[in-house]
Amino acid sequence: MKHLLDTASLSRAEAISLLDIAEEMALVSAREVKKLPVLRGRTVVNLFFEDSTRTRLSFEAAAKRLSADVLNFSAKGSSVSKGESLQDTVQTISAMGADALVVRHSGSGTPHRLAHTGWIDVPVINAGDGTHEHPTQALLDAFTLRRALGGFPASGAVKDGPRGQGLDGAKVAIVGDILHSRVARSNVHLLARLGAEVHLIAPPTLLPWGVETWPVTLHYDFDEALHQVDFAALMMLRVQHERMHESFFPNEREYSRLWGLSAARLARLPRETFIMHPGPMNRGFEISAAAADSDRTLILDQVENGVSVRMAVLYRLLTGQEDHNE
Amino acid sequence: MSEYLIRGANILGGGAGDIAIRDGRIVDPELLTAGGGAEVIDAEGLIALPGLVDMHTHLREPGKEDAETVLTGSQSAAAGGFTCVHAMANTAPVADTAGVVEQVHRLGREAGYTEVVPIGAVTIGLEGKQLAELGAMARSAARVRVFSDDGICVWDPLLMRRALEYVKTFDGVIAQHAQEPRLTEGAQMNEGVVSAELGLPGWPAVAEESIIARDVLLAEHVGSRLHICHVSTAGSVDIVRWAKSRGVQVTAEVTPHHLMLTDELVRTFDPVYKVNPPLRTDADVQALREALADGTIDVIGTDHAPHTAEHKCSEWTAAAMGMVGMETALPIVVEAMADHDFDHGDLARVMSQTPARITGASGHGSLEIGASANIVLIDPNAPHRIVPGEHATKGRNNPFAGLEVSTRITDTFFYGHRVLADGRLTTPHPAGASWTDQ
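Going line by line, the protein sequences match chains A and B. Residues in the first sequence are numbered consecutively from 52, following our numbering. Residues in the second sequence are numbered consecutively from 450, following our numbering.
Listed below in structure tokens is the structure:
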């Protein structure tokens, strides 16, 4: 594994190995000194062509806990805004001595392109590209789910955590704007590969053409889906307010009524259904305050686990260490 | 001017024979100057076809001379066996006045490697609002007969109707770039299973098909000639077939790349595969091949679209759309049609005779005695790999790099002058700007 560009090409064994390494990293994060010296003297560059404070901070924390140096590049105010090409930007940064690039870009496929053009020769980690993929988000979701469904604390250090396990048989629904969501795409691939039964719940306008070929069960009607299936977890997706101006749905009220996780829907969920959201949330739109703050949400666990998972990815790509399971 | 005797070529694949050239025309071999003044070309094993005619190229001049010039585009044409190419109007300035089309026409004559026929814009500035001076362009020295806003669809149905009607004045034809603009906002690739997975905004087949359906009905209603540029979907083929069965005067074009490549290639995110209309699915490719074989699709148009490296060597979403294609068109069509009943006579039909007829390029499309000596010789048994870096075009955005093809273009005769000899470009036509007046 040279790069982490997507989950579509991640094998089950590779995915489980990364999750298991993340379990080790979670132990580190619980120590008094939250640092491992493994990447000392290495430089990780966060190359963010699109704003995302949360993801950038998470990668930064992960790199620092592994003792790497971190350089942050954001396209705003940089030469990119003055028309510098992608090639020049990455080669310039690479010349400063980057050992890995963490790339966020608004265009689908850009990290893949950086990894394959020969412009640079360092591992590339996709931190979200357009509406394509966001593999570390899917990994942290899987990590969180594996913990929660195994009866372990959803975050924090667990000595004998669910190592070596997949998500076999877990019924997971992803709800909302699938069409524009890189999180949804990465999760569909990864959850399916880990053995979960994936359901998508969305209006037809927010599902991509050809979604029938995906390894998922489709539902247009949220209530009907909740009636038919006892979901182990609901992953709510952020819906951009602008979508209503593009006629994906009539208005926020109707969307919220039909596809939002309202207090009423929350009340009808089985006791053991977990609620997830990649953040940032639109409270009162796709998710009610009652749902966001209920005791079955894993939202902050997801954030915490994000650091462990990103540590695992950096460790794996920069040290080339394989897990024993493989 | 030189005289030539092409000896033993398989003429249109129909049998071996000799072709004699004198004073820019094909003549009876008896009429060559006595005493052996003619240069004899041993063409045994080669196939002679009438010089190819491309209805659809982008030569980029004026305005984007770093991507291509009329000279380099003309050389690329000669190397690909084209003796006549039609240069699309989306230059800067746009070819929407007699002045611009005459400039392109003059540059073509000065280059002297192929006949460059400008295509005029349908609307001023390709803006789709007001008709350009179609009559002035038709009556100019460039004698424009094909009009197109290529790159942009003439979307306004009323404007399209008027354009179709108006060009009847001079037997013109409107070449439509069929793309419903609202359905393709932000589109990056074919809308299908691959776009769903890659998360790239899709360009649905219906955006092409709905415009073709509208336009064939309009052409029928007003009794005008309509040409559809770069048909790319199976549904478009069905609509064109239906229209032809009703007697609509519609002709259709397909590019070599749409006969060969599919959207699966976009998985590489390599912008060399980014083109408009986008690469479609295998089912579309099969339907296009079928349609070319049965005559539903009339012509090959290369849509040769050179771009500079900086517009292609970028991330997918920032890259320009388009592929070069003149130098690989014929070999690729041969490969694409290998499994069909499609012989060298068919190749001449779709790459020379029919495009010459549609565009009124009277000096092309014939190997009869008395015709202008626009001839291409090809070697059907010359397997080689495509190396874009060796091509005459400035564009390196050829999607077939590394592909092995069987056919090589060896010689091109352009109004009696051998502009390509044994696969190498020679000199421009010595008659300067006046070859066609002979």
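Glycine is no exception: its CB is placed at the ideal position from the N, C-alpha and C atoms. Since we're looking at a predicted model, the values are computed, not measured.
Identify whether residue i lies in helix, strand or coil by the three-state DSSP scheme.
i                : result
Phe531 (chain B) : strand
Ile144 (chain A) : helix
Thr521 (chain B) : helix
Asp374 (chain A) : Low per-residue confidence applies at Asp374 (chain A): pLDDT is 46, beneath 50, and the placement is therefore not dependable enough to give any value.
Gly651 (chain B) : strand
Tyr562 (chain B) : coil
Leu285 (chain A) : strand
Leu461 (chain B) : coil
Pro499 (chain B) : strand
Ser237 (chain A) : helix
Leu191 (chain A) : helix
His760 (chain B) : helix
Ser589 (chain B) : coil
Met800 (chain B) : helix
Ile455 (chain B) : strand
Asp664 (chain B) : helix
Val703 (chain B) : strand
Arg63 (chain A)  : helix
Arg834 (chain B) : strand
Gly641 (chain B) : coil
Val616 (chain B) : helix
Leu320 (chain A) : coil
Ile490 (chain B) : strand
Glu184 (chain A) : strand
Arg347 (chain A) : coil
Ala178 (chain A) : strand
Ile749 (chain B) : strand
Gln887 (chain B) : Reliability of the predicted coordinates at Gln887 (chain B) is poor, the pLDDT of 43 falling under 50, and the value obtained from them is presented with this limitation in mind. Note: Gln887 (chain B) maps to coil in three-state DSSP.
Asp687 (chain B) : helix
In the DSSP assignment, what are the bridge partners of residue i?
i                : result
Thr861 (chain B) : B:Val825 and B:Leu869
Tyr271 (chain A) : None, per the DSSP bridge assignment.
Ala624 (chain B) : B:His676
Ala536 (chain B) : B:Thr506 and B:Pro567
His250 (chain A) : A:Ala224 and A:Thr268
Ile470 (chain B) : B:Tyr453 and B:Ile475
Thr808 (chain B) : Answer by DSSP bridge pairing: none, since Thr808 (chain B) is not bridged.
Arg334 (chain A) : A:Ile338
Phe155 (chain A) : The question names Phe, but residue 155 (chain A) in the sequence shown is Arg. Answer by DSSP bridge pairing, in chain order: A:Phe99.
Thr572 (chain B) : B:Leu580
Run the CB neighbour count on residue i, radius 10 Å, all protein chains shown included, and call it buried at 16 or more, exposed below.
i                : result
Met147 (chain A) : exposed
Lys843 (chain B) : buried
Leu583 (chain B) : buried
His54 (chain A)  : buried
Ala469 (chain B) : buried
Glu488 (chain B) : exposed
Asn639 (chain B) : buried
Thr803 (chain B) : buried
Ala314 (chain A) : exposed
Trp691 (chain B) : exposed
Pro88 (chain A)  : exposed
Leu607 (chain B) : exposed
Glu517 (chain B) : buried
Val84 (chain A)  : exposed
Pro331 (chain A) : exposed
Using a beta-carbon distance below 9 Å, is residue i in contact with chain D?
i                : result
Asp180 (chain A) : Among the protein chains of the structure shown, namely A and B, there is no chain D.
Along chain A, in chain order, which residues have C-beta atoms closer than 8 Å to that of residue i?
i                : result
Leu649 (chain B) : Ser159, Gly160, Gly181, Thr182 and His183
Taking C-beta pairs closer than 8 Å, name the residues in chain B that residue i reaches, listed in chain order.
i               : result
Pro59 (chain A) : Contrary to the premise, residue 59 (chain A) reads as Ala rather than Pro in this sequence. Those are Glu646, listed as they occur along chain B.
Quick one: list the residues of chain B neighbouring residue i, beta-carbon separation under 7 Å, in chain order.
i                : result
Met163 (chain A) : The displayed chain sequence assigns His, not Met, to residue 163 (chain A). Chain B residues near His163 (chain A): Phe718.
Ser24 (chain A)  : With chain A running from 52 to 377 in the structure shown, residue 24 (chain A) is simply not present.
Anything in chain B within Cβ reach of residue i, meaning under 9 Å, just list it in chain order.
i                : result
Arg233 (chain A) : Gly648
His156 (chain A) : Glu764 and Thr766
Arg236 (chain A) : Ala645, Glu646, Leu647 and Gly648
- Which residues, in order along the segment 744-775 of chain B, keep a beta-carbon less than 8 Å from a beta-carbon of chain A? Glu759, Cys762, Ser763, Glu764, Trp765, Thr766 and Ala767
- Task: Identify each residue in the segment 257-271 of chain A for which the Cβ-Cβ distance to at least one residue of chain B is less than 8 Å, and report them in chain order.
- Result: Pro259, Trp260, Gly261, Val262, Thr264 and Trp265
- Item | Members of the segment 623-645 of chain B that neighbour chain A once the beta carbon cut-off is set at 7 Å | Glu640, Gly641, Val642 and Ala645
- Can you give me, in chain order, the residues of the segment 714-741 of chain B that have a beta carbon less than 7 Å from any beta carbon in chain A? Phe718
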